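Going by our numbering, the sequence shown opens with residue 267, and the numbers climb by one from there.
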Amino acid sequence: MIVLGIESSCDETSAAVVEDGRVVRSNIVLSQEKLHGRFGGIVPELACREHIKAIVPVVELALKDAGIVLEEVDLISVTKTPGLVGALLVGVSFAKGLALTTGKPIIGVDHIHAHLYAVKLAFPELDYPCLGLAVSGGHTSLYISSSEIEHKLIGATRDDAAGECFDKAAKILGLGFPGGPVIEKLALGRDTSKEQFYRSMVEDSSYDFSFSGLKTAVLYRVKGQNISDPERQISEDEKKDVCAGLQEAICDILVEKTLKACKHFGIWKVAVGGGVACNKRLREKFKSRYINAFFPEPKYCTDNGAMVAGLGYHFYKSGVQDDLYLDAIATKQHRK
Ligand code: KG4
Ligand code: ZN
């Protein structure tokens, strides 16, 4: 079964063609990183406008790369939630237009669940139940997954997401956007004990996370207590140590919380998805705690259409289908 996946929830316009939920025949990703970089974060209005410009060529290229024409697509899968509503609307409206004109079935999927599905592209043998940790720029959520399409939320961030913490810290440090890759690079080989940050909520009995305090700690470290001098910057060497200390704290929080869930539920397999899953230190730390963690290839950690196509396939196989009343929903889902 040939599925066309469309993703436009944030700052990447992506389309992919995936066969039977496994074989990625094409995956085109157009990132708006450079556009938003000068603002140090994503500007929603700009993101929507860029998606409108990009959606047609990106889908055309995905079909061309896969060596197929639209008529050969069996199903259209699109991210419907969560994300920037204007950005989501571009993908959802375009997908509905395609479904209407071609008569093909359509399915709207959850972006966070799609991040977890990305693991299955690399590890189709991964079975259930397993834990799912979605760590991206907008979300930090922990699930118990009982199938590709069933995920019970057991914990989530109460404020900033892990990726957002990397991004905001990078902005404070004057390192540009997105923050994760550059912080990982600068942290490489540094002594992580030089700059130490508090591991928030690690002792808490819930599976929730909190990262906004870490961002504030970096702000005070760089600009001084009470932000006495907004122009102040620390030395390049100190910056690298702050990057290392921050990355260590973020990774420790993610791994220790997941470990707690592994112990409580007796589930030692974890699918980790989302942009932060690219982080090598995070991967090492999971290993060091003897958790059997599965990560997608980096290109499938960040936003992409392939994970959306793959997840849509499994919904369709289970008998789920949407109609043309499918709508974009901006807000994060609530605990079920
Ligand atoms: O999943 P994604 O592409 O978009 C969202 O759904 O948010 O994730 C983007 C996030 C950004 O916050 C970025 O800083 C982070 O993933 N990220 C990383 C790394 N690469 C991307 N964080 C830590 N280490 C990385 N190597
Ligand atoms: Zn994402």
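Backbone N, C-alpha and C fix where the C-beta goes; we use that ideal spot for every residue, glycine too. Remember, it's a predicted structure, so these values are computed and weren't measured experimentally.
Heavy atom of ligand 1 less than 8 Å from the Cβ of residue i, yes or no?
i      : result
Phe531 : no
Gly541 : yes
Leu548 : yes
Ala422 : no
Ala388 : no
Pro562 : no
Glu514 : no
Asn545 : yes
Ala427 : yes
Phe432 : yes
Pro395 : no
If distances are taken between C-alpha atoms only, which option among the options comes closest to residue i?
i      : options                        : result
Gly271 : Ala428, Lys551, His377         : His377
Glu416 : Leu354, Ala435, Val375, Ala515 : Val375
Gly333 : Gln298, Val322, Thr368, Ala282 : Ala282
Leu392 : Leu525, Val536, His317         : Val536
Tyr591 : Gly576, Val358, Lys546, Val295 : Val358
Ser292 : Gln587, Asp589, Ile493, Ile268 : Ile268
Arg288 : Lys362, His302, Lys386         : Lys386
Tyr473 : Thr423, Asp593, Asp433, Ser501 : Thr423
Glu337 : Pro371, Gly442, Cys314         : Pro371
Gly446 : Cys528, Ala515, Gly541         : Gly541
Lys451 : Lys565, Asn545, Ser494         : Asn545
Ile321 : Thr368, Ser343, Ser280, Leu301 : Ser280
Lys523 : Gly571, Thr347, Gly363, Ser471 : Ser471
Leu454 : Ala388, Asp286, Cys509         : Cys509
Ala388 : Ala596, Met573, Leu354         : Met573
Tyr579 : Ile342, Asp593, Pro496         : Ile342
Gly442 : Val488, His302, Gly363         : His302
Asp593 : Glu299, Ile373, Val309         : Ile373
Asp331 : Val284, Tyr582, Val488, Ala543 : Val284
Tyr556 : Ala543, Gly571, Lys565, Ile533 : Ile533
Val339 : Thr367, Ser459, Ala353, Thr347 : Thr367
Phe531 : Ser554, Tyr464, Cys396         : Cys396
Asn570 : Gly307, Val335, Ala361, Ala384 : Ala384
Phe560 : Gly490, Ala483, Pro390, Phe432 : Pro390
Leu520 : Ser478, Phe463, Ser407         : Ser407
Would you kindly work out how many angstroms separate the C-alpha atoms of residue i and residue j, rounded to a whole number?
i      : j      : result
Leu350 : Val356 : 10 Å
Arg498 : Gly511 : 20 Å
Ser476 : Glu430 : 11 Å
Val401 : Glu550 : 16 Å
Lys506 : Arg456 : 7 Å
Glu278 : Thr345 : 12 Å
Leu382 : Leu399 : 7 Å
Leu548 : Cys517 : 5 Å
His600 : Met467 : At His600, the pLDDT of 46 sits below 50, so the modelled position is not reliable and the matter cannot be decided from this model.
Ser411 : Lys319 : 36 Å
Lys602 : Ser501 : Because Lys602 sits at a pLDDT of 37, beneath the cut-off of 50, its placement in the model cannot be relied upon, and the following sentence gives the value as read from the coordinates. One C-alpha to the other measures close to 47 Å.
Ser274 : Ile420 : 26 Å
Val324 : Val538 : 27 Å
His405 : Cys567 : 13 Å
Lys529 : Ala575 : 33 Å
Leu329 : His379 : 24 Å
Val295 : Leu364 : 19 Å
Gln513 : Ala313 : 28 Å
Lys437 : Lys526 : 32 Å
Gly585 : Tyr394 : 20 Å
Ala596 : Cys276 : 11 Å
Asp503 : Ala353 : 39 Å
For residue i, is the beta carbon positioned less than 8 Å from some heavy atom of ligand 2?
i      : result
Thr568 : yes
His417 : no
Ser402 : yes
His381 : yes
Ser275 : yes
His580 : no
His302 : no
His317 : no
Could you give the residue range of the beta strand (DSSP E) that holds residue i?
i      : result
Glu278 : 278-285
Tyr409 : 406-411
Asp518 : Taken as a continuous stretch (DSSP letters only), Asp518 belongs to no beta strand (DSSP E), being part of the alpha helix (DSSP H) at 502-531.
Phe560 : 558-560
Thr568 : Premise fails: Thr568 is in no beta strand (DSSP E) and is neither H nor E.
Ala537 : 535-539
Arg291 : 289-297
Glu273 : 268-273
Ile373 : 372-376
Just curious, the alpha helix (DSSP H) that residue i is in, first and last residue?
i      : result
Thr423 : Note, Thr423: premise wrong, no alpha helix (DSSP H); not H, not E.
Ala453 : 445-453
Thr482 : 478-489
Arg498 : That residue, Arg498, is in no alpha helix (DSSP H); it is neither H nor E in DSSP.
Asp433 : 428-438
Cys544 : Unbroken run through Cys544: none, as it is neither H nor E.
Asp589 : No alpha helix (DSSP H) holds Asp589; DSSP gives it neither H nor E.
Lys362 : 351-368
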